[in-house]
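Colleague: Note that my numbering numbers the sequence shown so that position 454 is 454, with each residue one more than the last.
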Amino acid sequence: MSTPNDARLEALLVAGVLEPVDVELALALSAMSARGSADLRLAIALASRAPRDGHTCLVLADTTREHVLTDDGRIAVPEHLDWPSADELRTALHESALLSPADGVAPLVLHADRLYLQRFDVLEARLAHAVRTRLAVASAELDAHDIARLRTLFPDDPAHGADHAQHDAAVLALRSPLAIITGGPGTGKTTTVLRVLAALLARAPNDQLPEVLLLAPTGKAASRLTESVRHGLALLPDSALDTARRAAIPAHADTIHRALGVHPDRPHRPRHHAGNPLAADIVVVDETSMVDLPLMSRLFDAVRPEARLVLLGDSDQLASVDAGAVLRDLVESPIVSPALATLHRSRRFSDSSALGALVVALRGDNWLAVDRALTSAPEAGQAAVRLVGSGRTDQVPSEVLDAVRAHSARLASAPTAEAALNELGRLRLLTALRRGPLGADAINARIVEERGNSLASGTPILITQNSPDDGLANGDLGVSWEDGAGQRVALFDGADGPRAISVRRLPRWEPAFAMTVHKAQGSEFDQVIVLLPPPPSPILTRELVYTAVSRAREQITLVGPRDAIAAAHSARVRRATGLRERLAAPADR
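As structure tokens, then:
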């Protein structure tokens, strides 16, 4: 695959750091250069790998031997191999002519110390320009009618001396063409935006009601947004919205992919774009932390300049599985602060809740607060927060597997489809890793082997492929179940109750006895069990533990050594991107 002079690439392939596609790209681009050195090929291969690790670019200063790690944290470069300095990589790049080819189309782009594949450079620059363009629009002033409506919609507004945050977030969203509302679980992001929609709809004449679009990055997140909006509408007083305006708020949220018309076979050519924008006047996006750079760039392209865009999310959660950390970059950019509102007070947990205390503590820097929450007193006789030592670091504790087996048995024996789907949300095992003895793949394979059938009744099912014809999207969670006629079906939540699909019609899926924390984003469960690897591990970060814990509504069980949680709390996810720098720049770079 690689040439004899590419021993470093071969070593990184063997270690699993590189994939064949990285080496092939390095060889192909190097062959286009008159100065195609081994250092050039290494820089290209590492830049190709970077987006799989969530980065939009490769920071050359972070290419030291000590920075190139395997999944389990080991240095991937054998000591006997020479390793170039960042300066040597820069020299190889500048000598290659790949940064400024004769035809003007550069396959590689170098901004300061950040090396991009051309596609990600274009996407990042385009998104930065779109955000700055929206921020440059002057905010509208609220009139007396707006202020009166807000008093009605937020009875605990500042005039009553209560929490200001939701009211202030609503004011921001009413005034600005771009509003970003962040906050942890239960802080009322959806409640706030629903009241914003009510206020915006109340402004409009009966014959010119704005078109509203509710979006989320996955099918599960869209389902949860649908449920939240439906619940919130039921709580709105009749005086807040008349029948026509209530009907203007969509009954169902959609995925961003479906709304943009992204086809699995043509992911880079959506139906809606700047030349054929979405018709919606107001676009609301939930779970924005899960949206990667390519998808967010396409979304901004497709929203009309005069339309209103409201982004909801939790910037302390894990970033998207794919390249970029868009929400965090936006939240941490000073230029975006006028469009940012943060909600703090959680209504999911009581002030005395141990689980709520742990969620709050994990967002901060104080380890002692986290430690206190881990050792808090049980609530109502049962600990809401449990820390269980894992014993052997290469083996899943038997009590964890027994809990998963018992849950599957309850799913299989559920008397009705409604009961089966309710039970599906009772418990979930989450893993930090996908591979290895503590990974989701191994646990799922073990339980499937025990049951003898990958679709035995009671098997949780995670859809991994968008299938618009079946109304299923990547991330949808269902369960295999036998109906009253003895037919095996897959049950999913639907707008009007349980939806049964023949197991023969399922798009690509995988068993979900265990799920990675990443794949659980956008979901909530009554009880969550989390398997943590022992330190040191590059996967152990504060964002990972916070995201896992905040999936729980009632009880969290953390399985692993206490020092794993301490190590995670001290480590933050750091993704290499240039979005913040581009947002601050006077012109696109």
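Glycine included, every Cβ here is placed at the ideal spot set by N, Cα and C.
With respect to the alpha helix (DSSP H) encompassing Arg619, which residues constitute its N-terminal and C-terminal limits?
Modeller: The question about residue 619 has no answer here: the residues shown for the chain are numbered 1 through 589.
Colleague: Relative to the C-alpha of Arg580, which candidate in Ala420, Glu332, Ala26, Ser537 has its C-alpha closest?
Modeller: Residue Glu332 is the option with its Cα nearest to Arg580.
Colleague: Beta-carbon within less than 6 Å of Ile191's beta-carbon, same chain only, minus the 5 sequence neighbours each way: which residues are those?
Modeller: Looking at the sequence itself, residue 191 is Thr, so the reference to Ile does not match. Gly232, listed in sequence order.
Colleague: Specify whether the stretch 181-196 and the stretch 432-442 touch according to this definition: at least 3 beta carbon pairs, one from each stretch, less than 8 Å apart.
Modeller: With a cut-off of 8 Å, the stretch 432-442 and the stretch 181-196 do not count as touching, because too few Cβ pairs lie within range.
Colleague: Are there three or more Cβ pairs, one per stretch, closer than 8 Å when the stretch 76-87 is compared with the stretch 537-545?
Modeller: Cβ pair count under 8 Å is below three, so no.
Colleague: Using a 10 Å radius around the Cβ and a threshold of 16 neighbouring Cβ atoms, would you call Glu306 buried or exposed?
Modeller: The residue in question, Glu306, is exposed, as its Cβ has fewer than 16 Cβ neighbours within 10 Å.
Colleague: Can you tell me the Cα-Cα spacing of Ala414 and Leu40, whole angstroms?
Modeller: Each residue's alpha carbon lies about 59 Å from the other.
Colleague: Between Arg582, Ala576, Ala584, which has its C-alpha nearest Pro51's C-alpha?
Modeller: Among Arg582, Ala576, Ala584, the Cα nearest to that of Pro51 belongs to Ala576.
Colleague: Look at the Cβ atom of Ala456, then the Cβ atom of Asn466, and state whether they are nearer than 8 Å.
Modeller: It is not a contact, given that the beta carbons lie outside the stated cut-off.
Colleague: In the DSSP assignment, find the unbroken alpha helix (DSSP H) run with Arg126 in it and report its ends.
Modeller: 118-135 is the extent of the alpha helix (DSSP H) around Arg126.
Colleague: Does the contact criterion of 3 or more C-beta pairs under 8 Å hold for the stretch 278-290 versus the stretch 192-207?
Modeller: With a cut-off of 8 Å, the stretch 192-207 and the stretch 278-290 count as touching, because enough Cβ pairs lie within range.
Colleague: Run through DSSP, which three-state label would Asp254 get?
Modeller: Here Asp254 sits in strand by DSSP.
Colleague: Could you tell me the boundaries of the alpha helix (DSSP H) in which Arg195 lies?
Modeller: From DSSP, the alpha helix (DSSP H) with Arg195 extends over 189-203.
Colleague: Short check: CB of Ser33 to CB of Ser96, under 8 Å?
Modeller: It is a contact, given that the beta carbons lie within the stated cut-off.
Colleague: When DSSP labels each residue in this structure, what does Thr63 get in the three-state scheme?
Modeller: Note: Thr63 maps to coil in three-state DSSP.
Colleague: Can you name, in chain order, every residue of its own chain whose Cβ lies under 7 Å from the Cβ of Lys220, other than the five neighbours on each side?
Modeller: Closer than 7 Å at Cβ, skipping near neighbours: Gly475, Asp476, Leu477, Gly522, Ser523.
Colleague: In chain order, what are the residue ranges of uninterrupted beta strand (DSSP E) at least 3 long that sit wholly in the stretch 375-460?
Modeller: Taking only runs of at least 3 residues, the beta strand (DSSP E) segments lying wholly in the stretch 375-460 are 385-388, 427-431.
Colleague: When the Cα atoms are used, what is the spatial distance from Gly494 to Trp509?
Modeller: So the two alpha carbons sit approximately 18 Å from each other.
Colleague: Check whether the Cβ atoms of Leu293 and Val326 lie closer than 8 Å to each other.
Modeller: Taking 8 Å as the Cβ cut-off, Leu293 and Val326 qualify as a contacting pair.
Colleague: Gln527 bridges to which residues according to DSSP?
Modeller: According to DSSP, Gln527 bridges with Leu427, Gln555.
Colleague: Using a threshold of 8 Å, state whether the C-beta atoms of Leu135 and Leu178 are closer than that.
Modeller: A contact, by the Cβ cut-off of 8 Å.
Colleague: What is the DSSP secondary structure of Arg505, counted as helix, strand or coil?
Modeller: Helix at Arg505.
Colleague: Taking 8 Å as the threshold (C-beta atoms), are Glu124 and Ala216 in contact?
Modeller: No.
Colleague: What would DSSP say about Ser570, mapped onto helix, strand or coil?
Modeller: Reduced to three states, the DSSP call for Ser570 is helix.
Colleague: Excluding five sequence neighbours on each side, which residues of the same chain lie with their C-beta closer than 7 Å to the C-beta of Asp470?
Modeller: Cβ neighbours of Asp470 beyond the five flanking positions: Ile501, Arg505, Pro507.
Colleague: Measuring CA to CA, which of Arg551, Leu260, Leu25, His344 is closest to Arg224?
Modeller: It is Arg551 whose Cα lies nearest to the Cα of Arg224.
Colleague: My understanding is that Gln555 touches Ala384, with C-beta atoms under 8 Å, so please give their C-beta distance in whole angstroms.
Modeller: Right, the Cβ-Cβ distance comes to about 5 Å (below 8 Å), so this counts as a contact.
Colleague: Would you check if there are 3 or more beta carbon pairs closer than 8 Å linking the stretch 59-66 to the stretch 8-27?
Modeller: Judged by Cβ distances under 8 Å, the stretch 59-66 makes no contact with the stretch 8-27, as fewer than three pairs qualify.
Colleague: So for Met596, helix, strand or coil by DSSP?
Modeller: Residue 596 is absent from the model: the chain starts at 1 and stops at 589.
Colleague: Have a look at the DSSP bridge pairing and note the partners of Leu42.
Modeller: Paired residue(s): none; Leu42 is not in a bridge.
Colleague: Between which two residues does the beta strand (DSSP E) carrying Glu482 extend?
Modeller: 477-482 is the extent of the beta strand (DSSP E) around Glu482.
Colleague: Return yes when the Cβ of Thr56 is within less than 8 Å of the Cβ of Gly313, no when it is not.
Modeller: The answer is no: Cβ separation not under 8 Å.
Colleague: Using the three-state DSSP reduction, which class does Gly161 fall into: helix, strand or coil?
Modeller: With a pLDDT of 39 at Gly161, under the threshold of 50, the modelled position of this residue cannot be trusted; read the value that follows with caution. Gly161 falls in the coil class under three-state DSSP.
Colleague: Three or more C-beta pairs under 8 Å: does that hold for the stretch 479-489 against the stretch 444-459?
Modeller: With a cut-off of 8 Å, the stretch 444-459 and the stretch 479-489 count as touching, because enough Cβ pairs lie within range.
Colleague: Can you tell me the Cβ-Cβ gap for Leu260 and Ala302, rounded? I've got them flagged as a contact below 8 Å.
Modeller: The pair is a contact, with the Cβ atoms about 6 Å apart (cut-off 8 Å).
Colleague: Going by DSSP, what residue range makes up the alpha helix (DSSP H) through Arg542?
Modeller: Unbroken alpha helix (DSSP H) run through Arg542: 542-549.
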